[in-house]
Amino acid sequence: MSSDEQVQWVKDAKKDAAKRNHESALRATAVTKRAVVKGIFEAQKDVDWDDELVEKIVATTVENELMNLRRCERLHNYRQNQVVHIAEMDDEKDNV
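Going left to right, the sequence shown walks through residues 0 to 95 as numbering that gives the first Met the number 0 numbers them.
Dropping the structure here:
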């Protein structure tokens, strides 16, 4: 493996590690949120729920989750752009 190939391999490995770490954090956050919501509903089994109230709660929960997913996606895109930018800066530094 040439020196250039080794440098590229390291850069690719850094990008892959950053992506895996970010995806892992997103999954952990989603699992925690689902557990909290499920726990709330499980704790309230004996309550006589009004159908309209249930619909509002579900709609609000879904809307909030969609906003969080969009926010996470924007953050993920920002971080990916930062990783690419850092890699490009490393390329420029290596070429100098």
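Note that the Cβ used here is the ideal one computed from N, Cα and C, for glycine as well.
On a predicted model such as this, the values are computed, not experimentally measured, just so you know.
* Helix, strand or coil: how does DSSP classify residue 1 here? -> coil
* Asked: So residue 17 and residue 69 are in contact, right, with Cβ under 8 Å, and what is the actual spacing, rounded?
  -> That pair is no contact at about 21 Å.
* Should the stretch 79–93 be regarded as contacting the stretch 6–22, the criterion being three or more beta carbon pairs within less than 8 Å? -> yes
* **Extent of the continuous alpha helix (DSSP H) to which residue 89 belongs** => 50–94
* To do: Have a look at residue 94 and residue 19 and give me their C-alpha separation to the nearest angstrom.
  => Rounded to the nearest angstrom, the two C-alpha atoms are 28 Å apart.
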